[in-house]
Amino acid sequence: MASPKQLTVIFKKLEINVSKKTKAGDFQTNVSVLEQLESEGIEIATHILQWRQYSKLHSTYTSSLADHADKGDRIHSTFNIASTITGRLSSSEPNLQNIPIRSEVGKKIRAAFIADNHFKLYSLDYSQIELRILCEACQDPILLESFKNNIDIHESTAQLVFNKKDINPDDRRMAKIINFGIIYGISAFGLAKQLSVSNQEAKLFIENYFKKFPNIENFMKSSVENSKKNGYIENLFGRKSFIKNINSKNFMLRSYAERLAINAPIQGSASDLIKIAMIKIDTEIKKQKLKTRMISQVHDELLFEVHNKEEKFIEEIINIMEKKVMKSLSNLILLLRLIVVAVRTGQRLTKSPGRIRFF
DNA sequence: ATCATCACG
DNA sequence: ACGTACGTGATGATA
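Per the numbering used here, the very first residue in the first sequence carries number -1; after that it's consecutive.
Set out below in structure tokens:
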């Protein structure tokens, strides 16, 4: 079940046809293919999906993380500061930026991370940071107004793009996908696939979106133009991302470069912003000689282990992340909002629990 | 070492 | 007409 090559043999025997092929000519057997088969009533797909999910969680997390724990059951990651083209950090050995959370069973793995005695875990998460960065960069009046008034951004996008006032959950879901697509350097084909609509329909959505948000379209066009002229694109803080192949004659290479030219300044500005916040928070922790520790970063989220007697400090962290972070750049008017997502407590185990097994 | 897959933002 | 969403790292299978 872990071998696409062997699954291809099985599928052929069962006369299950998969049109998408890997480079080597085997069937693609990834989640989207297997879910499609599942929807066609092919039961074996369900079982493979289930097995793949547990297999992934076991090999990458349950089993591997236990091996990374030190004598005190603490796990230490490496945060790499120069491994990405946009300015993000990455985390390795082990990667602590991709601990499961999306699935129910995945949440149980995350729940295994607990605070030390006398501490609580606090997670502070920038809400919609990349859309706010985009808004800052292009000063789109409608987007600005929405963020200023704390309006549900996906709902307001839905109202504008679909030209109606009453928005149902499905409209909102689609608008959310469109908003994400915008940040990634949208294409009609990619959007159509995500939304399960025709290319033609997706194309209309995009045209309508840019009609309503002309500043966003202009910002993206100028990002691509600047990249073509200079070979790099600068984000709000002046960080340069070098964009190779931006003038390539190969359509595929060039298109990819253009999407990167659009996405890199947005993703990169958000990365630089949170790093500035991290430095300011670290300075404050040292100045006040706190026991509280800043223990992890996940792109738009900071995780703290806060001492029980220092919980007031959370207010200061919020103030730094929302307000002070931009004080040095006076022409920016970012309206940052935080979500304090989770407060997790837990008794630290005095003895190692050993390896957790699902089977 | 590379590929396909899948975990996260 | 081309064939696509942006950024990562870890794993098991395979070459």
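Glycine included, each C-beta is placed from N, C-alpha and C at the ideal position.
Residue closest to residue i, alpha-carbon to alpha-carbon, out of the options
i    : options                   : result
K278 : V323, Y182 and K105       : V323
T60  : R108, M276, S17 and I181  : R108
N115 : I318, L332, V338 and E303 : E303
A0   : N15, E41, Y52 and S30     : Y52
E153 : H56, R170 and F145        : R170
L271 : L234, H56 and K106        : L234
A22  : E38, K3, I42 and F9       : K3
A67  : Q48, T44, A110 and R50    : A110
T76  : N306, L332 and Q295       : Q295
L158 : K10, I244 and Y207        : Y207
Buried versus exposed, by CB contacts within 10 Å (16 or more), residue i
i    : result
K191 : exposed
D164 : exposed
D138 : buried
N96  : exposed
N161 : exposed
N248 : exposed
N261 : buried
V222 : buried
Residue i in three-state terms, based on DSSP
i    : result
A109 : coil
I241 : coil
N78  : strand
A64  : helix
H305 : strand
I180 : helix
L189 : helix
K322 : helix
S89  : strand
L12  : coil
I97  : coil
F373 : Limits of the chain in this structure are -1 at one end and 357 at the other, which puts residue 373 out of reach.
K118 : strand
G352 : Confidence at G352 is low in this model, with a pLDDT of 37, below 50, so the placement of that residue should be treated as unreliable; the coordinate-derived value is given next. In the structure shown, G352 sits in coil (DSSP, three-state: anything other than H, G, I, E or B).
Rounded C-alpha distance that separates residue i from residue j
i    : j    : result
N213 : C136 : 6 Å
L193 : L288 : 48 Å
A275 : L132 : 19 Å
F25  : R335 : 45 Å
I127 : I315 : 17 Å
N148 : F240 : 35 Å
K310 : E134 : 31 Å
E13  : V195 : 28 Å
D298 : R86  : 10 Å
V7   : T58  : 27 Å
F187 : E199 : 10 Å
T20  : L35  : 17 Å
Q286 : N197 : 57 Å
I312 : D65  : 32 Å
A156 : I204 : 12 Å
K210 : S125 : 23 Å
I293 : R130 : 25 Å
R353 : I283 : Here R353 scores only 32 on pLDDT, less than 50, and its place in the model should not be relied on; the value that follows carries that caveat. Roughly 35 Å separates the two Cα atoms.
S267 : L63  : 31 Å
T290 : K321 : 21 Å
Residue i CB to nearest heavy atom of the ligand FMN below 6 Å
i   : result
I79 : The ligand content of the structure shown is nil, which means the ligand FMN is not present either.
*Would you be able to state if there are at least three C-beta pairs under 8 Å between the segment 227 to 235 and the segment 58 to 76?*
no
_Cβ contact check for the segment 177 to 184 and the segment 255 to 265: 3 or more pairs under 8 Å_ = yes
*Please determine if the segment 85 to 93 and the segment 117 to 126 are in contact, where contact requires at least 3 C-beta pairs separated by less than 8 Å.*
no
*Any chance the segment 30 to 41 sits against the segment 78 to 85, with 3 or more Cβ pairs inside 8 Å?*
no
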